[in-house]
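Below is one structure; the comments refer to it alone.
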Amino acid sequence: MSRPGNIPTFNREFFESSENFTTIGEGNIGGKAQGLAFIKNLIEVELGHDQSDDFILDIPRLTVIATDVFDMFIERNNLVDLRTSKLQDYQIAHEFLQGQFPVEFVGDLMALISSIHTPLAIRSSSLLEDSLQHPFAGVYNTKMIPNNQPDTTTRFHKLVEAIKLVWASTYFAEAQAYIRNTTADPAEEKMAVIIQEVVGFRHGDRFYPNISGVARSYNYYRFGDNKPEEGIVNLALGLGKTIVDGGVCWSYCPAAPQTSTPFGTIKDLLQNTQLKFWSVNMGKPPEYDPIKEAEYLREDDLSDSEGDQTLALVASTYDAASDRIQPGIQMKGPRILNFAPVLTYESIPLNNWVKKLIHKSREHIGVDVEMEFAITVDPISRRVRLGFLQIRPMLYTDEKINLPQLDDVSAKHLVVSNNVLGNGRIKNVRHIMYVKKDSFDKSKTLHIAKDIADLNEILRNRIIPYILIGFGRWGSNDRWLGIPVVWSQISGAQAIVECTLPEMNIELSQGSHFFHNLTSFQVPYFSVRHHKNDDFVNWELLDQQTSILETDNMRLIQLDHPVSVLVDGRSGKGIIIYE
Amino acid sequence: MQTKTYNAFEMAQEQFDRIAEMMQLNEGTIQLLRNPMREYHFSIPVRMDDGHYKVFRGFRVQHNDARGPGKGGIRFHPLETIDTVRALAMWMTWKTAVVDIPLGGSKGGVICDPHNLSERELESISRGWVRQISQNVGPLSDIPAPDVMTNPQIMLWMLDEFETLNRGKYPGFITGKPVGMGGSLGRTEATGYGVIFTIREALREMSINIKDTTASVQGFGNVAQFAIQLYNQLGGNVTAVACWNQKDQKAYTYRKTDGIDLKELSGITDRFGGIDKDKAHELGYEVLDGNQWIKENVDILIPAALENQITEDTVKLISKKVKIIAEGANGPTTPAADEIIKAQNIYLIPDLLANSGGVTCSYFEQVQSNLNYYWDKDEVLAKLDTKMTAAYRSISNLAHRKDIKMRDAAFITAVTRVAQACQERGWI
């Protein structure tokens, strides 16, 4: 399906129009926009009756610039060669920003921007996403703009810049690496762009929703007694960037919303609660940097939200005197974002809505789904709005894997874990790239990331698959919590092992784009806890092998014959055997 | 056969009188608006390349500047007459008012044939024109621009002369300058694109998909070429273009029923928009009579050459298939032909509106030049589109509300605005 037939053409009256989903151009609207069109239809046909004066369920008003406009832009500005060029991302972005927007559509953009003064999200909606085989989570840029400048021309420029940046991200290194890992031809990729109202309210210089959420109908990271098919929801205060970037957020199973995540103690909980939140910067313009995705975003401490009066719905308070956590913010004390007012006391029936949306979406699409949403509460009318931002399929293999007895530790066992993401078997890998345990220094994670990227590039060019083993949280934005690689830097890895150390004992991240891409390519992800006796990495066996490439921090070894990677997704256990 | 010699100014006055009567304007307003407020006639002596001296006649007519400084092009044409310049100045007044930009209407010209002039002789005429009129034009009073057979280079010579005489830098004195020398990006495309913006809106009103339409174009100069470009980009198909052949001193129509190739034809076109007849033939184009363009079995006719092309005689040649005539040129349709077009229910987008993209972009250039701060092309064209679309919709709404034709609606809008400005200034 290239585009649903009932989407009207943009009519130059964005907010005044009765249509909340329109298109500019006549090409494909891309996968993300098709997902939104699906949800729009679902809301209108099956969920509309749930709406009331106190509650609105909708997709934020949007218009999609179809892929034919992207084609025109590329062709008329002679940019097609950039896709295979050696230029760096910022140089590609520069070339795109210099290009002239197709004249047929600039008037539409000017008219659109003249009629709105609230923040806009400029989001990618690529053609290959349409295949529903690869979600491309976080591969392309999304740019939010405050759109509150008094001058229409300035707002127009910011909008056009953001669209060109999203287009340029189609040719960025990470996107090209991602596409190479699929069966698609990179030359076939085209980009539609969604211009969408940001769900939220303004609080001083910040604009953000009360709650952002990501819900999945299937949970690869189980905890407690929850079943994988019961799904998982991640919630955060502010923009959803906190969740999709793998930041600290609150996770719960929709089947048991009141069960807390597996933090052993209140101290653990205090240390693992959301402490920062993202918003659109409505204040003093930042340094001009049109290529920076987060140019107009700001990250503030949780304490800054106290004055915004947005914590009441999402926070609890630690009472030191009783060493207990009290739902709400009536008392003073450290805040914990466990969303108890919503999940425990159902001040808004969020979980019911999420369950219903997941159920209906899964029923219609036929595969497990992941969805992003945002919730606002009008500070004056108290009306609640759930804005639906995105839906995409989740992929996993259903093959039933029988593991050997993990308790019978053998010298042939290279890695054993009782907490593995994914499902299936791999039998063709002879190379292992690992971070040296003895010399590991967490202050050097940036250097390690660089070494990994370089080795990955060498192996990818020779089409050599490998297993990656390292310490801390892979893909973390915080270099002190793990090795801050982006997905393209480890794109050749067929299995990934994350180990904890006493000095780097980090909880797994859930819901990040990084992990989503790993699972979409069905890359098994082993978590090995140093303090768990039944989890281990056979470092001795690794160190005995002769390295074929080595740096201060990394070793790359080639085994005599391939290893077997086995993961049982139902039990969450896995093993890598070298026989 | 035409019954009398065509006089553009008489035609412009005739148009105005009819509108004035419809609007029941008072006598003072009529007298003020049916004639230019000022006009200048002067001689430009030039030493020719062969050493002899030749005196060229130059004009500047300022029809009305109640809404702002005068604005209008300078034409170099061997058949130029003061009446043509008067008519064009009056139309400029209406045109700037139709698109609601704060300018008045002027026009200028020199009787000469640039085809037969060397570059040095052209420069001498250009500088001579400025020397004769520099006291009466300028960025705050009357701003010239390119027109028939004048170009950015000529504008730059004129600017240079003006700045020399006035001892300063006045980039806002003239528009249509080369980009990088005070010109605006998008100026070259503006008139042609503007024609298509209005056609696009008209087709939208008529619920016709532009991709299902064909067009025939008279002219292959700047306006026509960019109109064809954007029309093609939107999915339309131009099957015929007509233009003047300097060598044969007659016009030809070049036709390809499956669609002309703009790039191919521009590659064999001289700087005045004349297509090389022999090369066109080699490329597989039918080379037909100059009037054939109007007979074509197409949906849209775009006269984008000179005035007085759709007459009482030629209008009869228009195919029944034609739904829209968009006047890319100034005054291409005579009042008599206009009546026949109305009777045939062909939707006519009048010149005042259809080709106002040029003056709108000239206004943008003037604003940029006065600020000495220049916009990027996306911004220029976006503003052009929104301005033209807004003007189209306002004229079209008036036409629908009053059940009148587009030309009348455009005239009424323009004359109302100008008359009101004159009244508010206390002139009448």
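Here the protein sequences come in this chain order: A and B.
Each residue of the first sequence is one higher than the one before, starting from 19 at the first, in the numbering used here.
Each residue of the second sequence is one higher than the one before, starting from 398 at the first, in the numbering used here.
Heads up, the beta-carbon is just placed ideally off N, CA and C, and yes, glycines get one too.
Predicted model, so just to flag it, every value in this text is computed and none were measured.
Partners in chain B for residue i, counting only beta-carbon separations shorter than 7 Å
i       : result
V184(A) : Result: empty, since nearest Cβ-Cβ is about 16 Å, beyond 7 Å.
V121(A) : Y590, L627 and L778
A129(A) : T783
V178(A) : D775
F174(A) : E776 and A779
T171(A) : E776
Inter-residue Cα distance where the pair is residue i and residue j
i       : j       : result
R220(A) : D773(B) : 32 Å
V777(B) : R173(A) : 14 Å
L398(A) : Q167(A) : In the sequence as displayed, the identity of residue 398(A) is Ile instead of Leu. Their backbone Cα atoms lie some 25 Å apart in a straight line.
R141(A) : N46(A)  : 15 Å
G590(A) : T277(A) : 20 Å
A796(B) : S297(A) : 48 Å
Y744(B) : A733(B) : 16 Å
D557(B) : M128(A) : 35 Å
L577(A) : L432(A) : 12 Å
G609(A) : V157(A) : With chain A covering only 19 through 597, there is no way to say anything about residue 609(A).
E683(B) : I605(B) : 29 Å
K460(A) : L315(A) : 28 Å
N386(B) : I593(B) : In the structure displayed, chain B extends from 398 to 825; residue 386(B) sits before or after that span and is not available.
T711(B) : K574(B) : 36 Å
V826(B) : D782(B) : Any property of residue 826(B) remains undetermined from this structure, which presents chain B solely from 398 to 825.
I665(B) : A486(B) : 33 Å
R6(A)   : F39(A)  : In the structure displayed, chain A extends from 19 to 597; residue 6(A) sits before or after that span and is not available.
S258(A) : I471(B) : The sequence shown places Gly at residue 258(A), not Ser. Computed Cα separation, rounded: 59 Å.
L146(A) : Q408(A) : 16 Å
P227(A) : I77(A)  : 14 Å
is_contact[residue i, chain A] using C-beta, thresh 7 Å
i       : result
D775(B) : yes
D497(B) : no
A779(B) : yes
T561(B) : no
T786(B) : yes
Bridge partner(s) assigned by DSSP for residue i
i       : result
V402(A) : F73(A) and V395(A)
C509(B) : Answer by DSSP bridge pairing: none, since C509(B) is not bridged.
L138(A) : I163(A) and E215(A)
V504(A) : Answer is none; V504(A) lacks a bridge partner.
P411(A) : V387(A)
P828(B) : Nothing can be reported for residue 828(B), as the shown portion of chain B is limited to 398 through 825.
K591(A) : D586(A)
R652(B) : A637(B) and E683(B)
H449(A) : Y484(A) and Q576(A)
C651(A) : Residue 651(A) is absent from the structure shown; chain A starts at 19 and stops at 597.
Where residue i meets chain A, residues with beta-carbon distance less than 8 Å
i       : result
L631(B) : E122
Any C-beta of chain B under 7 Å from that of residue i
i       : result
G442(A) : no
I140(A) : no
G125(A) : yes
Q327(A) : no
Q167(A) : no
Q118(A) : yes
Neighbour flag for residue i against chain E, beta carbons, 7 Å
i       : result
G510(A) : Structure shown: chain E not included; protein chains present are A and B.
Residue i: contacting residues in chain A (beta-carbon distance under 9 Å)
i       : result
T490(B) : The contacting residues do not exist; T490(B) stays about 26 Å from chain A at best.
Using a Cβ distance threshold of 8 Å, determine whether the segment 516-528 of chain B contacts the segment 745-753 of chain B, with at least three qualifying pairs required. Because the criterion of three Cβ pairs below 8 Å is not met, the segment 516-528 of chain B and the segment 745-753 of chain B do not touch.
Touching by the beta-carbon criterion (3+ pairs, under 8 Å), the segment 597-610 of chain B and the segment 702-714 of chain B: Not touching, per the Cβ criterion.
Looking at C-beta atoms only, is the number of pairs between the segment 610-625 of chain B and the segment 690-701 of chain B that lie closer than 8 Å three or more? Touching, yes.
Do the segment 98-118 of chain A and the segment 56-74 of chain A meet, that is, are 3 or more Cβ pairs less than 8 Å apart? With the rule of 3 Cβ pairs closer than 8 Å, the segment 98-118 of chain A does not count as touching the segment 56-74 of chain A.
Taking contact to mean 3 or more Cβ pairs, one atom from each stretch, closer than 8 Å, check whether the segment 564-577 of chain B and the segment 756-776 of chain B are in contact. Yes, they touch.
Check whether the segment 182-189 of chain A and the segment 205-215 of chain A are in contact - that is, three or more C-beta pairs closer than 8 Å. Yes, the segment 182-189 of chain A touches the segment 205-215 of chain A.
Counting beta carbon pairs with one atom in the segment 455-470 of chain B and one in the segment 503-520 of chain B, are three or more of them shorter than 8 Å? Two segments are said to touch when three or more pairs of C-beta atoms, one from each, lie closer than 8 Å; by this definition the segment 503-520 of chain B touches the segment 455-470 of chain B.
Below 8 Å, can you find three or more Cβ-Cβ pairs linking the segment 474-490 of chain A to the segment 448-461 of chain A? Touching, yes.
I want to know whether the segment 638-650 of chain B touches the segment 674-692 of chain B - three or more CB-CB distances under 8 Å. They touch, by the three-pair rule.
Segment contact flag, the segment 461-481 of chain B with the segment 508-522 of chain B, C-beta cutoff 8 Å, min 3 pairs: The segment 461-481 of chain B, when compared against the segment 508-522 of chain B, does touch it at the 8 Å Cβ threshold.
Contact between the segment 347-355 of chain A and the segment 287-294 of chain A: three or more CB pairs below 8 Å? Result yes; three or more Cβ-Cβ pairs closer than 8 Å.
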